[in-house]
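Residue 454, in the UniProt record's numbering, is where the sequence shown stops; the numbers in between run on with no holes. Working notes for the structure below.
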Amino acid sequence: MQSTLVSKYNVAGPRYTSYPTVPYWKNDNFSLTEWKKGVVKSFSESNTEEGISLYIHLPFCESLCTFCGCNKRITKNHNVETPYLESVLNEWRLYLELFSERPIIKELHLGGGTPTFFSAENLKLLLNGIFRDATIAENPSFSFEGHPNNTSEAHLQTLFDCGFTRVSYGVQDYNPTVQLAIHRLQPFVNVKRVTDKAREIGYTSVGHDLIFGLPFQKIEHVIYSIEKTKELMPDRIAFYSYAHVPWIKGNGQRGFKEADLPSAAEKREMYETGKKMLEEAGYIEIGMDHFALKSDSLYKAVEEKTLHRNFMGYTDSKTQFMLGLGVSAIGDSWYSFGQNVKNVEEYQDLVSQNIIPVYRGHILNEEDLLIRKHILNMMCKLETSWEEESLQFKELPEVLEKLAEMEADGLIEINATKLKITEKGRPYVRNVCMAFDLLLQRNQPETQLFSMTV
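Here it is, written out as structure tokens:
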């Protein structure tokens with residue numbers, strides 16, 4: 001039965017870190033002026049009550065990981081650090097000019113690329129520059145992505161002193177054959193070193209990222225990787241499907257063929273096996289692809305129904321306004337999305353001219369905002385409701401009709417005012433969301449835009 005469901009629902013679909021999804025942004029009604037209006041409105045509405053979120057993209061890596069679909073620049077030249085960070089701080093100052101009051105930072109995440117490519121001293125200069133003109137909220141949520149091979153004690157201590165309490169390490173897989181294929185050679189001893197050191201310093205949440213569906217990966221590799229992970233018992237685990245998107249320019253997914261990847265059925269077996277092992281070890285499945293111990297803040301957010309999802313993935317802290325700084329970073333004012341230019345030199349040039357480097361985006365209309373609420377509910381709470389008139393829309397009967405087969409397959413339960421995703425339907429949450437995705441329904445792509453859902 002499981003294999004039948006996999007073959008039936010394994011289609012290309014979004015991961016819904018936003019709605020509308022990026023390929024369906026309407027740039028014709030977007031402009032830098034409109035983006036600024038959305039920023040000003042959202043900031044004034046939400047800063048005092050809940051603060052803002054910051055995502056800072058640090059794109060540099062010393063070597064290319066061939067599973068990665070992120071925007072990055074490969075270099076061993078560390079002279080790029082200072083000019084890039086100066087540009088990020090200049091971009092921050094351009095936004096400060098729009099704000100009506102001192103920003104309150106509730107959430108901050110350093111992503112990449114490899115944030116720990118930058119020296120601890122330079123990261124401290126960056127953060128001091130950000131904090132100089134801001135107030136830190138009570139109980140802030142500050143996190144960064146660390147590479148186990150180059151995260152130093154100085155990195156961990158410096159960022160901890162700056163208020164960071166969470167770090168996530170990209171483990172992916174411990175098998176040497178898989179590591180060689182994805183150009184990510186890192187022994188278990190390195191992961192143990194940085195995990196232990198983070199806890200020793202005082203980090204309250206250490207996360208590990210594991211991927212299934214990688215080239216040459218077998219079920220026994222997944223089992224071994226999870227067994228090794230259990231030796232360290234990270235507070236939260238991202239256990240997600242490799243997104244094979246070789247058509248995206250510059251993603252570096254080469255050095256292996258599609259035939260080297262596990263089949264959809266093999267990937268589903270990897271996930272089900274890994275999920276069972278994690279649950280037996282005491283982890284609770286959170287939303288899609290995430291697991292956490294009951295002591296972790298991500299689990300507590302589920303219990304308190306405050307779990308949120310944005311371009312940073314799942315977060316235990318929700319703000320209406322998320323600002324993206326750095327090359328290719330995406331901001332979310334709730335009313336609009338805006339993405340920075342993707343080329344480092346172009347980004348630095350625009351900022352040097354005192355121009356906010358946003359080059360594309362989307363202004364959300366009333367329908368977008370309504371559908372966004374439903375998709376967020378399903379991604380974060382595994383249910384949604386249209387009991388309130390404000391959450392009803394004229395296409396709802398058609399959407400529910402599209403879901404009839406999923407209901408018959410036991411993936412969802414629907415009554416007059418509510419939809420709930422069942423335990424059996426958890427692996428197919430993206431498919432359920434796709435039925436609500438009106439832009440996707442109206443504009444079925446002729447070429448593949450998204451990774452496969454299974």
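Even for Gly, the Cβ is constructed at its ideal location relative to N, Cα and C.
_For a test of the three-state rule: what should DSSP assign to residue 383, helix, strand or coil?_
strand
*In the DSSP assignment, what are the bridge partners of residue 323?*
Beta-bridge pairing links residue 323 to 54.
*Enumerated in chain order, which unbroken segments of the beta strand (DSSP E) with a length of 3 residues or greater are wholly contained in the region 293 to 344?*
308 to 310, 313 to 315, 322 to 325, 330 to 332 and 336 to 340
*How many Å lie between residue 183 and residue 212 at the Cα?*
16 Å
*Straight-line Cα distance separating residue 319 from residue 458*: Past the boundaries of the shown model lies residue 458; the chain is included only from 1 to 454, so the question cannot be answered.
*At what residues does the beta strand (DSSP E) containing residue 155 begin and finish?*
Per DSSP, residue 155 belongs to no beta strand (DSSP E); it is in the alpha helix (DSSP H), 153 to 161.
*Using 8 Å as the Cβ pair cut-off and three pairs as the minimum, do the region 157 to 169 and the region 183 to 201 touch?*
Output reads yes: the region 183 to 201 touches the region 157 to 169.
_With H, G and I counted as helix, E and B as strand and the rest as coil, what does DSSP make of residue 392?_
Note: residue 392 maps to coil in three-state DSSP.
*asked:* Residues in the same chain with beta-carbon distance under 6 Å from residue 127, minus the five sequence neighbours each way, listed in chain order, please.
replied: 162
*Roughly how far, in whole angstroms, is the beta-carbon of residue 355 from the beta-carbon of residue 278, given that I think they are within contact range, below 8 Å?*
Going by Cβ atoms, the distance from residue 355 to residue 278 rounds to 46 Å, so no, they are not a contact pair.
*asked:* So for residue 183, helix, strand or coil by DSSP?
replied: In the structure shown, residue 183 sits in coil (DSSP, three-state: anything other than H, G, I, E or B).
*Could you check how far apart the C-beta atoms of residue 145 and residue 110 are, in whole angstroms? I think they sit under 8 Å.*
7 Å
*Distance, Cα to Cα, residue 138 vs residue 105?*
9 Å
*Are residue 58 and residue 113 closer than 7 Å when you measure CB to CB?*
The answer is yes: Cβ separation under 7 Å.
_residue 265 CB to nearest heavy atom of the ligand ZN below 6 Å_ = The ligand ZN is not among the ligands present in this structure, which contains no ligands whatsoever.
*Using 8 Å as the threshold, is the region 391 to 411 in touch with the region 33 to 40, meaning 3 or more CB pairs across them?*
no
*State the DSSP-derived secondary structure class of residue 188, mapped to helix, strand or coil.*
helix
*Under 6 Å Cβ to Cβ from residue 414, same chain only, skipping five residues before and after it: list those, please.*
407
_residue 361 (DSSP reduced to helix, strand or coil)_ = Of the three classes helix, strand and coil, the one that applies to residue 361 here is strand, per DSSP.
*asked:* Between which residues of its own chain and residue 261 is the CB-CB distance below 6 Å, once the five residues before and five after are set aside?
replied: 215
*Could you give the C-beta distance for residue 362 and residue 337, rounded to a whole number, given that I count them as a contact under 8 Å?*
5 Å
*asked:* Going by the DSSP bridge assignment, what does residue 60 pair with across the sheet?
replied: 73
*Go to residue 220, then tell me how far its alpha helix (DSSP H) extends in each direction, as first and last residue.*
First-last of the alpha helix (DSSP H) with residue 220: 219 to 232.
*Please state if the CB of residue 358 and the CB of residue 344 are separated by a distance shorter than 7 Å.*
no
*Closest by CA to residue 468, which one among 181, 436 and 78?*
Residue 468 lies beyond the stretch modelled for the chain, which goes from 1 to 454, so this question has no answer here.
*Measure the C-alpha to C-alpha separation of residue 75 and residue 373 and round it to an integer number of angstroms.*
In this structure, the CA atom of residue 75 is about 41 Å from the CA atom of residue 373.
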